[in-house]
Amino acid sequence: MALTGFFPILLATHVQEARGFYERHFGLVPRFESDWYVHLGHPTLAFELAIMTTRHDSLPAAAQTPAAGVLLSFEVTDASAEYVRLSGQGVDVVHGLRDEAWGQRHFMLRGPDGVFVDVVEPIAPAGDYAAAYTGATP
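This note's numbering puts the first residue of the sequence shown at 218, with every later residue one more than the last.
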C-alpha cells in the first residue's frame, strides 16, 4: 500500500463546537469546512484532524455515534507551561500534570463529546523504560 496521508475523523454531535475547541486551544486551522464536516490542520506541522457530524447520510447507522474511548495526544515542548495556559482558559482538566517513568510529563483534558486530549512533553525515561525505546524513526 502506498499511503499518501493519514488523519483521524472524530464523529461529533456539535461540529462547530469541536472545531472551536481545537482551533482555540491547539492552534489548528480549517482547510475545508461545511456544516457537517471540518478538516483542520496545523499551520506548520504535518498534522491533520477532521470532525464530522454523527448525522451525515454517508455514515452507516452503526457509525452514527459520537467518538468515545478516544485519546488524542498532542506533543509539546513544555507541558508545564501548557498546563498553566490551558487551565487558565477553563478547559476540563481530568488528569493533573505529572511525570511518568516511561518518559512523559503530561496532563489530560476532556474535549467535546468526551474525547480525551493528552498534552505530552517527552522527558528522559527512568530505569527499565529507557531500554524499551528502540531508536527506530518513522
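The beta-carbon is built from N, C-alpha and C at its ideal position, and this holds for glycine as well.
query: Outcome for Ala-235 when other beta-carbon atoms lying within 10 angstroms are tallied against a minimum of 16; result: buried
query: Environment of Trp-241 [buried if 16+ CB atoms lie within 10 Å]; result: The displayed chain sequence assigns Arg, not Trp, to residue 241. Exposed, since its Cβ has fewer than 16 Cβ neighbours within 10 Å.
query: Neighbourhood of Ala-318 by C-beta, 8 Å cutoff - its chain only, sequence neighbours within 5 removed; result: Pro-342, Ala-343, Gly-344, Tyr-346
query: Span of the beta strand (DSSP E), counted from its first residue to its last, around Leu-276; result: Element bounds for Leu-276: n/a, residue is neither H nor E.
query: Rounded C-alpha distance that separates Met-269 from Gln-233; result: 10 Å
query: Short Cβ contact (9 Å threshold) for Leu-266 with Asp-335; result: no
query: Residue range of the unbroken alpha helix (DSSP H) whose run includes Gly-313; result: It is not in any alpha helix (DSSP H) - Gly-313 instead sits in the beta strand (DSSP E) that spans 309–317.
query: Range covered by the beta strand (DSSP E) that runs through Gln-321; result: 321–327
query: Among His-323, Gln-281, Leu-227, nearest to Val-293 - alpha-carbon criterion; result: His-323
query: Environment of Tyr-350 [buried if 16+ CB atoms lie within 10 Å]; result: exposed
query: For Thr-270, the residue or residues it bridges with in DSSP; result: Ala-229
query: Leu-303 (DSSP reduced to helix, strand or coil); result: helix
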